[in-house]
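Peer 1: Let me begin by handing over the structure; questions about it come next.
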Amino acid sequence: MNSTHQVDNFIEFLLNRFELPQSLNGRITLSIIEAVHNSILYGNKRNPEKTITITAIKNPAKVIVTVEDEGEGFDLSKIPDFSRPETFMQCTGRGLYLMITLPDELLFAKRGAKVIMTFSLNLN
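So the mapping is simple: the numbering used here equals the position in the sequence shown, first residue as 1, plus 445.
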């Protein structure tokens, strides 16, 4: 994907097609937006020739969304410790913080060039 309009359309389609609980809509939307934003800036380094692929699947228990860019990934050991106040006050990293806290599970693949975000449908 190469435009915010396409991302917005994907999110709208996903939310409507999967008929998700309203309580998940904001978490999924913000997580996708932040993952795509990071892919554009850091993964693809704003190269308009590179693409971003977003996929989503749903089963009875969860929704899994993946965002993958064409970048080289990053050193996963350098993810800041967001529990430290000085880290949270930095100008960068807040999108990553949201991606870590909003999904029920977050996995990095391809050295971080692919993020896999899982959202539980078991809303007990």
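Glycine residues also receive a C-beta, built at the ideal position from the N, C-alpha and C atoms.
The beta strand (DSSP E) that contains residue 499, what's its start and end?
Peer 2: Residue 499 -> beta strand (DSSP E) spans 497-503.
Peer 1: Along the chain, where does the beta strand (DSSP E) that runs through residue 514 open and close?
Peer 2: Unbroken beta strand (DSSP E) run through residue 514: 507-514.
Peer 1: Could you check the C-alpha separation between residue 468 and residue 456 for me, to the nearest Å?
Peer 2: Using only the alpha carbons, I get a separation of about 15 Å.
Peer 1: Measure the beta-carbon distance from residue 471 to residue 519 and round it to whole angstroms, keeping in mind my assumption that it falls under 8 Å.
Peer 2: The Cβ separation is near 27 Å, so there is no contact.
Peer 1: Specify, as a first and last residue, the run of the beta strand (DSSP E) that residue 554 falls within.
Peer 2: Residues 550-554.
Peer 1: Provide the residue(s) that pair with residue 561 in DSSP beta bridges, ordered along the chain.
Peer 2: Bridge partners of residue 561: 511, 552.
Peer 1: Going by beta carbon distance, what residues of the same chain come within less than 6 Å of residue 483, once the five residues before and after it are set aside?
Peer 2: Cβ neighbours of residue 483 beyond the five flanking positions: 540.
Peer 1: Alpha carbon to alpha carbon, how far is residue 479 from residue 552?
Peer 2: Rounded to the nearest angstrom, the two C-alpha atoms are 15 Å apart.
Peer 1: Considering only the alpha carbon of each residue, which of 513, 526, 499, 554 lies closest to residue 451?
Peer 2: Residue 451 has its Cα closest to that of 499, out of 513, 526, 499, 554.
Peer 1: Can you have a look at residue 548 and say buried or exposed, based on whether 16 or more other CB atoms are within 10 angstroms of its CB?
Peer 2: Flag for residue 548 reads buried.
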